[in-house]
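Residue numbers (my numbering): 90 to 177.
Positions of the beta carbon are idealized from the N, C-alpha and C atoms, including for glycine.
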């Protein structure tokens, strides 16, 4: 378990009302397949346990290692470049 704590993490915040979040889910799946050393979490802001997320005000929002890297969906190339740079 301690290995997971040190693993870089990409959190993608989505919502059920979001028409572009399907693309975010697809991008998350691609990132998971290509970057096995990265932990990827999809967080549904409409879920009851996520009601108090203050740092996210739009969906989709991409947060890599605690830093917002994109409001809205980045291109596949932009996302992969940012993830790759974080793994160096």
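**Request:** Might you give, ordered along the chain, the residues of its own chain that have their beta carbon closer than 6 Å to the beta carbon of residue 152, omitting 5 neighbours on each side?
**Result:** 100
**Prompt:** Under a CB-based cut-off of 8 Å, is residue 144 close to chain C?
**Reply:** No chain C appears in this structure, which consists of one protein chain only.
**Request:** Ignore the nearest five residues each way along the sequence and tell me which others in residue 171's own chain have a CB closer than 7 Å to its CB.
**Result:** 153, 158
**Request:** Identify whether residue 168 lies in helix, strand or coil by the three-state DSSP scheme.
**Result:** helix
**Asked** Could you give the distance in angstroms between the alpha-carbon of residue 162 and the alpha-carbon of residue 137?
**Response** 24 Å
**Asked** From residue 113 to residue 177, what does the alpha carbon distance come to, in whole angstroms?
**Response** 24 Å
**Candidates 130, 156, 126: closest to residue 116 by CA position** = 130
**Asked** With residue 160 and residue 120 assumed to form a contact (beta carbons below 8 Å), what rounded beta-carbon distance in angstroms separates them?
**Response** No, residue 160 and residue 120 are not in contact; Cβ-Cβ is about 17 Å, not under 8 Å.
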